[in-house]
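Undergrad: Attaching a single structure in structure tokens format; questions to follow.
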Amino acid sequence: ANDWRLEMEKIGFKCITCGKITYVPDCDENTPGVKILEMTQCLKCVRAGEPVSPSVRQRILAKYASGEY
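So, in structure tokens, the structure goes:
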């Protein structure tokens, strides 16, 4: 079902709240072709409701819900 993800470039994002880097799909910084995207939050911080504007929070949660992260 997730075969299309294997074709995608590996992407990571850095949490604006705690600085943790999360890689999507499950890859690490040693994986070739990893791009780090700034300015988003890790799911832990989103769930904890760390300070971020409500609109940004909604967008991030929507991305998790849609499986984008």
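For the record, in the sequence shown the residue sitting at position 53 is 46 according to the numbering used here, with numbers rising by one throughout. Backbone N, C-alpha and C define an ideal beta-carbon position, used for all residues, glycine too. Note that this is a predicted model, so its numbers are computed, not measured.
1. I need the straight-line Cα distance from K52 to A41, nearest angstrom please.
2. Helix, strand or coil: how does DSSP classify K7 here?
3. Name the two residues that bound the continuous alpha helix (DSSP H) containing Q51.
4. Give me the Cα-Cα distance between A(-6) and C11, rounded to the nearest whole angstrom.
5. Might you give, ordered along the chain, the residues of its own chain that have their beta carbon closer than 7 Å to the beta carbon of R50, omitting 5 neighbours on each side?
TA: Based on what the coordinates show:
1. Note that residue 52 corresponds to Arg in the displayed sequence, not to Lys. Their backbone Cα atoms lie some 16 Å apart in a straight line.
2. strand
3. 47 to 58
4. Only weak support exists for where A(-6) lies, its pLDDT of 45 falling under 50; the value from the coordinates is given anyway. Near 32 Å, if we compare the C-alpha coordinates of C11 and A(-6).
5. V39
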